[in-house]
Amino acid sequence: MKLVMMDDHMVSWPSSSSYHSAEELELELENGVRTFACSETVKFGHVTFFWNGNRSGYFNEKLEKYVEIPSDSGISFNEQPKMKALEIAEKARDAILSGNFDQVRVNLPNGDMVGHTGDLDATVVACEAADVAVRMILDAIEKVGGIYVVTADHGNAEDMVKRDKAGKPALDKEGKLQILTSHTLKPVPIAIGGPGLSAGVRFKQDLDTPGLANVAATVMNLHGFVAPGDYEPSLIEVVDK
């Protein structure tokens, strides 16, 4: 069991821009990899259309299952900052524990979508909800002896104030903080682990600009495949003890 999660609220480990090729999914499906993808409406395309190399629909309905949870409509995201994190996590958990899938990928949009509102208090609630969702999914992975990959496509919630050239919070004419509602340019995280990960797997230390463009090859490696030569290199390698 492999989990691939796009999660917009955590920031810690270096990474950068992303790209996924339809060739990756096609190769996995040709080799019988059963996949499950889930998010709510606002990010559903990120785990289906974009992941599939800007291609709509299924490659192989016998091996794929997509679940879209309707996002709240008619309200601002800060009014319901937990969004559908719990529902997404429950679907992912059930898919993992079912034993019917080899790859489960989800997107938790809380930190991004609520962060865009500029409401700091609501964003804290959003990130807490995402944390609970991640914990639920990781617990399921632990039970089945799987592997997780947790990353983000960009930052937002980790820094919600504009900053001056010295990096200090910028203030308006009234001395109030200037709220930042756009994406940040900070490095984003990637965490790979779980009981199914071989003891010798390590992050490569010789990549010039490791980023999300390297995730496709990394996921393929975790499934036991060698990525095509025109892919950005994998982030991981196996080191003998």
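Positions 1 to 241 (the UniProt record's numbering) are the ones given, in order, by the sequence shown. All residues carry an ideal CB built from backbone N, CA and C; glycine is no exception.
- Secondary structure at Phe-44: helix, using DSSP grouped into helix, strand and coil.
- Secondary structure of Phe-77 (DSSP, three-state): helix.
- In this structure, Leu-235 keeps its C-beta atom at 7 Å or more from the C-beta atom of Thr-209.
- With a minimum length of 3 residues, the unbroken runs of beta strand (DSSP E) contained wholly in the stretch 126–183 fall at 147–151.
- Rounded to the nearest whole angstrom, the C-alpha separation of Asp-139 and Gly-111 is 21 Å.
- Look at Leu-86 here: in three-state DSSP terms it is helix.
- CA-CA distance, Val-201 to Asp-240, rounds to 9 Å.
- Judged by beta-carbon spacing, Ala-95 lies within the 7 Å limit of Val-104, meaning their Cβ atoms are closer than that value.
- If you check the CB distance, Pro-81 and Ala-126 come in under 7 Å.
- By the beta-carbon neighbour count (other beta carbons within 10 angstroms, threshold 16), Gly-175 is exposed.
- As DSSP reads the structure, Ser-39 sits in a beta bridge with Glu-68.
- Note: Arg-202 is bridge-paired with Glu-237 in the DSSP secondary-structure output.
- Burial is judged here by how many other beta carbons sit within 10 angstroms of a residue's own beta carbon; Thr-151 has at least 16 and is buried.
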